[in-house]
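Asker: Heads up, the sequence shown is in this note's numbering, so the first residue is 9 and it goes up one at a time.
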Amino acid sequence: MLELTQVIGNLNDVSITCNIDTINLEWYEAYKRIGRYESAGGLDIALRFPTPLIYGLNEGDILYLDELLAIVVNIIPCEVLLIHATSKLEIAKLCYEIGNAHIPLFYGDNETFLIPYEQTLEHSLRKMGFSARKMLAKMHAKKRFSISLPMQKEPQLKPSPNLKIIQKSIDAI
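(1) At the level of alpha carbons, what is the spacing between Cys-26 and Tyr-63?
(2) Run through DSSP, which three-state label would Cys-86 get?
(3) Return the chain-ordered list of same chain residues with a C-beta closer than 7 Å to the C-beta of Leu-61, the five sequence neighbours on each side being excluded.
(4) For the alpha helix (DSSP H) that contains Arg-41, what are its first and last residues?
(5) Locate the beta strand (DSSP E) running through Glu-126, then write down its first and last residues.
(6) Using a threshold of 9 Å, state whether the C-beta atoms of Thr-30 and Val-81 are closer than that.
(7) Classify Asp-74: buried if its beta carbon has 16 or more other beta carbons within 10 angstroms, exposed otherwise.
(8) Going along the chain, which residues of its own chain have a beta-carbon closer than 6 Å to the beta-carbon of Ile-28, five neighbours each way excluded?
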């Protein structure tokens, strides 16, 4: 097993001449701090990032690099709704509706937005007058609208020294 703990760079920023192996991730797995995967080349890989991934892993992120091999992130295409919003009012309305439903929103090209596909949401958006179509696409973490508050560290919980477990008999109830 190969344990990887950091992002070294991205294929868009560096030139690599060695063999490239990929870890295929669903878009929602790009935010996981810990995970176990098998690379396309069959390597057993454990991802164990020391802190939460605020912005997630992106297509082409290099997780391992030596003279012979680079291990790189590949985001798997999934079913999405491609939504066109042509005015500021439409964009505001779309963001309100999507945010109200707590659905992840990604920006696309040329005034388009992407959300994970849900048939009921597709019908609702069309009823509201939006142009939406189902398609396969990669949802990149760097194109996701995210919260503006910083992520907090995971809480370190410990049991109270005064914790008592009391067992009552059924007759006492």
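Ideal Cβ placement from N, Cα and C applies to all residues, glycine included.
Everything numeric in this text was worked out from a predicted model, so none of it was measured.
Answerer: Straight from the coordinates:
(1) For the purposes of this step, residue 26 is identified with residue 18 of the sequence shown, where counting begins at 1. For the purposes of this step, residue 63 is identified with residue 55 of the sequence shown, where counting begins at 1. Roughly 27 Å between the two C-alpha positions.
(2) Position 78 of the sequence shown, counted from the start, is the residue given in the question as residue 86. Correct three-state label for Cys-86: strand.
(3) Numbered from its first residue, the sequence shown carries residue 61 at position 53. Hits under 7 Å: Tyr-39, Arg-41.
(4) Translated into the one-based positions of the sequence shown, residue 41 becomes position 33. Here Arg-41 belongs to no alpha helix (DSSP H), and DSSP marks it neither H nor E.
(5) Looking up residue 126 in the sequence shown gives position 118. Note, Glu-126: premise wrong, no beta strand (DSSP E); not H, not E.
(6) On the sequence shown, position 22 is the one that residue 30 refers to. On the sequence shown, position 73 is the one that residue 81 refers to. It is a contact, given that the beta carbons lie within the stated cut-off.
(7) Looking up residue 74 in the sequence shown gives position 66. By the 10 Å Cβ count, Asp-74 comes out exposed.
(8) To locate residue 28, count along the sequence shown from 1; it is residue 20. Counting only Cβ-Cβ distances below 6 Å, and skipping sequence neighbours, we find Ala-78, Val-80.
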